[in-house]
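Sequence positions in the sequence shown follow the numbering used here and run 120 to 256. All C-beta atoms, glycine included, are put in the ideal place defined by N, C-alpha and C.
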Amino acid sequence: MVIIHMYVYVPLILMQGLIEEEKLESFNIPQYTPSPTEVKSEVLQEGSFSIDRMDVTEVNWNVYHNELNLQGDAIYQDGGYNVAQCMRAVAEPLLVSHFGEGIIEEVFCRYREIITDRMSREKTEFVNVIVALTKKS
Numbered sequence: 120m121v122i123i124h125m126y127v128y129v130p131l132i133l134m135q136g137l138i139e140e141e142k143l144e145s146f147n148i149p150q151y152t153p154s155p156t157e158v159k160s161e162v163l164q165e166g167s168f169s170i171d172r173m174d175v176t177e178v179n180w181n182v183y184h185n186e187l188n189l190q191g192d193a194i195y196q197d198g199g200y201n202v203a204q205c206m207r208a209v210a211e212p213l214l215v216s217h218f219g220e221g222i223i224e225e226v227f228c229r230y231r232e233i234i235t236d237r238m239s240r241e242k243t244e245f246v247n248v249i250v251a252l253t254k255k256s
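This is the structure in structure tokens:
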């Protein structure tokens, strides 16, 4: 879901005048985030595997809000920066290959601003679905 989240905002960022409309229109990364119920249904319907365990975990976007960060370390306080850097590690090569390197700094600066604003208004978290499967004989 980390990657997916970034691409929700890319068109918004790019529409702010950074690139030509034609390049924006030709950028497409299809995504679909199934629910745990859908994952379970697909595994059972396909029939080759049995589900040993399924867990859903939620992880705060901002480590500053994590119970493990009891000291409130300053390095974690800029959650927008932390999330933007995480997204950048994965998304930058895809964006550079399509739009070129010239816009990357500005894209991630704007993305950081958008995420910082969102994080100030709501609790934000990643949801991970973890499935342990065993192949049937």
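Compare the Cα-Cα distances from Ala203 to each of Pro153, Gln164, Lys254, Asp236 and report the closest residue.
-> Asp236
Whole beta strand (DSSP E) runs in the segment 148-229 with 3 or more residues, listed along the chain?
-> Taking only runs of at least 3 residues, the beta strand (DSSP E) segments lying wholly in the segment 148-229 are 168-179.
Candidates Ala208, Ser167, Ala210: which alpha carbon is nearest Thr253's?
-> Ser167
Within the same chain, show all residues whose beta-carbon is closer than 6 Å to that of Asp174, passing over the 5 residues directly before and after it, in chain order.
-> Contacts found: Ile249.
In whole angstroms, what separates the C-alpha of Glu64 from that of Leu137?
-> One cannot answer for residue 64 here, as it falls past the ends of the chain, which runs 120 to 256.
Mind reading off the beta-carbon distance from Lys255 to Ser169? Whole number of angstroms is fine, and I expect it under 8 Å.
-> 6 Å
Provide the residue(s) that pair with Leu143 in DSSP beta bridges, ordered along the chain.
-> DSSP output for Leu143 lists no bridge partner at all.
Along the chain, where does the beta strand (DSSP E) that runs through Lys254 open and close?
-> 244-254
For Glu211 versus Ile223, is the C-beta spacing smaller than 8 Å?
-> yes
Hey, out of Val215, Leu163, Phe245, whose CA is closest to Lys142's CA?
-> Of all alpha-carbon atoms in Val215, Leu163, Phe245, the one lying nearest the alpha-carbon of Lys142 is that of Val215.
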